[in-house]
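Asker:
In my numbering, the protein residues as written are 1 to 332.
What follows is the structure, given as structure tokens:
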């Protein structure tokens, strides 16, 4: 168990585990939680995101799971916000029309339980196109601090008079995943994120996560029009303090017509201490996520989540996640 001082050392408070007041003046106000995880060998993995746009009165829910053979997806971007329960026994809870998802806080910033039950479409694999019942239970425990660089001052991402922020946190979890009648026990590592505030999607980014028995890291690079390149993240060697990243560099090759194996390339991350972390990545499995509805007018970007295998220059190998968003290459 981590102490409260460790959990909150980057300015995140225990109460930030829960939902926040929102500004009615910001149509794109978005509060979201995501969880991603994978087994040590990459034979099982998942990504779940729950986000709500209270001014737009809708919930966005995504579940992407991988069992080593099938890649299954639930994508619901227009669920009624009025059906979401916030606070009480659950941080959030939704249950309607054959879909249930919830997150129970067992100890703020320390431990929680994610549950999902519904029907998913097989996007890739032997049963491609089929709708299959799925369920997931993960008992999640924090492996490090709730990492944050603060609310920031990027135009369009803050609101006067309202708290806005985000945090990332390395996690481990145990639980089960069921696809049809096949129940799998899970022992996984990964990352979780909680973000709240105005959140325009019209920007390019790479989001990179690795978590193994020796270290965890998260690296982000964001390109916002008329702003300097944003580079941030952390490196956390287990048993030591988290280090800020000062530079993140990605040299990636995107394979636009293959969303299942969409990206490969190299990375170079520089810690403020001078430590250099570099290597290359290969795709294991992945998919494209629909955010066309988040733009005015609606448009397609290449927004993808990919489970990756990382080969570090130090000789380490590890599973990880890479998320990226970039303009639709067809329109370039």
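All C-beta atoms, glycine included, are put in the ideal place defined by N, C-alpha and C.
Which partner residues does residue 286 have in the DSSP bridge list?
Answerer: DSSP output for residue 286 lists 306 as bridge partner(s).
Asker: Does the Cβ-Cβ distance between residue 94 and residue 194 come in under 9 Å?
Answerer: Against a cut-off of 9 Å, the Cβ pair of residue 194 and residue 94 comes out as no contact.
Asker: Pull up the DSSP beta-bridge partners for residue 259, would you.
Answerer: Beta-bridge pairing links residue 259 to no other residue.
Asker: Return the CA-CA distance between residue 256 and residue 129, expressed in angstroms with no decimal places.
Answerer: Going from the Cα of residue 256 to the Cα of residue 129 covers about 21 Å.
Asker: With distances taken from CA atoms, which of 221, 230, 209 and 162 is nearest residue 197?
Answerer: Checking every option, the nearest Cα to that of residue 197 belongs to 162.
Asker: Three Cβ pairs or more, each shorter than 8 Å: is that satisfied between the segment 283-296 and the segment 244-253?
Answerer: Output reads no: the segment 244-253 does not touch the segment 283-296.
Asker: Could you tell me which whole alpha helix (DSSP H) segments of length 4 or greater appear in the segment 71-114?
Answerer: Complete alpha helix (DSSP H) runs here, min 4: none at all.
Asker: What residues in its chain sit with their C-beta under 6 Å from that of residue 224, if we drop five residues either side in the sequence?
Answerer: 203, listed in sequence order.
Asker: Please classify residue 27: is it buried, with 16 or more other beta-carbons within 10 angstroms of its beta-carbon, or exposed?
Answerer: Classification of residue 27: exposed, given that the 10 Å Cβ count is below 16.
Asker: Using a Cβ-Cβ cutoff of less than 6 Å, which residues in the same chain neighbour residue 121 once the five nearest sequence positions on both sides are dropped?
Answerer: Within the same chain, residue 121 has close Cβ partners 73 and 131.
Asker: Looking only at its own chain, which residues have a Cβ that is under 8 Å from the Cβ of residue 205, when we skip the five neighbours before and after it?
Answerer: Closer than 8 Å at the Cβ level, and outside the excluded window around residue 205, lie 220, 221, 222, 223, 323, 324 and 325.
Asker: Label residue 1 either buried or exposed according to how many other C-beta atoms from any shown protein chain fall within 10 Å of its C-beta, with 16 as the threshold for buried.
Answerer: By the 10 Å Cβ count, residue 1 comes out exposed.
Asker: Between the alpha carbons of residue 175 and residue 226, how many angstroms are there, rounded?
Answerer: C-alpha separation (whole angstroms): 44 Å.
Asker: Can you check whether the CB of residue 71 is closer than 9 Å to the CB of residue 138?
Answerer: Cβ atoms of residue 138 and residue 71: not closer than 9 Å.
Asker: Excluding five sequence neighbours on each side, which residues of the same chain lie with their C-beta closer than 6 Å to the C-beta of residue 99?
Answerer: Same-chain partners within the cutoff: 118.
Asker: Using the Cβ count rule (16 or more neighbours within 10 Å means buried), how would you classify residue 301?
Answerer: The residue in question, residue 301, is buried, as its Cβ has 16 or more Cβ neighbours within 10 Å.
Asker: Leaving out the 5 sequence neighbours to the left and right, which residues in its chain are closer than 7 Å to residue 106 when beta-carbon positions are compared?
Answerer: Result list for residue 106: 112 and 113, in chain order.
Asker: Under 9 Å between the Cβ atoms of residue 188 and residue 39?
Answerer: Result yes, Cβ atoms of residue 188 and residue 39 sit closer than 9 Å.
Asker: Would you tell me roughly how many angstroms separate the C-alpha atoms of residue 274 and residue 97, rounded to the nearest one?
Answerer: Going by the C-alpha atoms only, they are around 52 Å apart.
Asker: Given a cut-off of 9 Å on the beta-carbon distance, is the pair residue 280 and residue 260 in contact?
Answerer: In this structure, residue 260 does not lie closer than 9 Å to residue 280 by Cβ.
Asker: Across which residues does DSSP place residue 252 in a beta bridge pair?
Answerer: In the DSSP output, where bridge partners are listed per residue, residue 252 has 265.
Asker: If you draw a straight line from the alpha carbon of residue 159 to that of residue 184, how long is it in whole angstroms?
Answerer: Residue 159 and residue 184: Cα-Cα distance of roughly 43 Å.
Asker: Given residue 127, which residues of its chain have a CB within under 8 Å of its CB, disregarding the five upstream and five downstream residues?
Answerer: Taken in chain order, the residues that qualify are 70.
Asker: With distances taken between CB atoms, is the gap from residue 133 to residue 180 smaller than 9 Å?
Answerer: The answer is yes: Cβ separation under 9 Å.
Asker: Nearest by alpha-carbon distance to residue 240: which of 145, 60 and 319 is it?
Answerer: Measuring from the Cα of residue 240, the nearest candidate turns out to be 145.
Asker: Check the C-beta distance from residue 92 over to residue 84 and give it rounded, since I have them as a contact under 8 Å.
Answerer: Right, their Cβ atoms sit about 6 Å apart.
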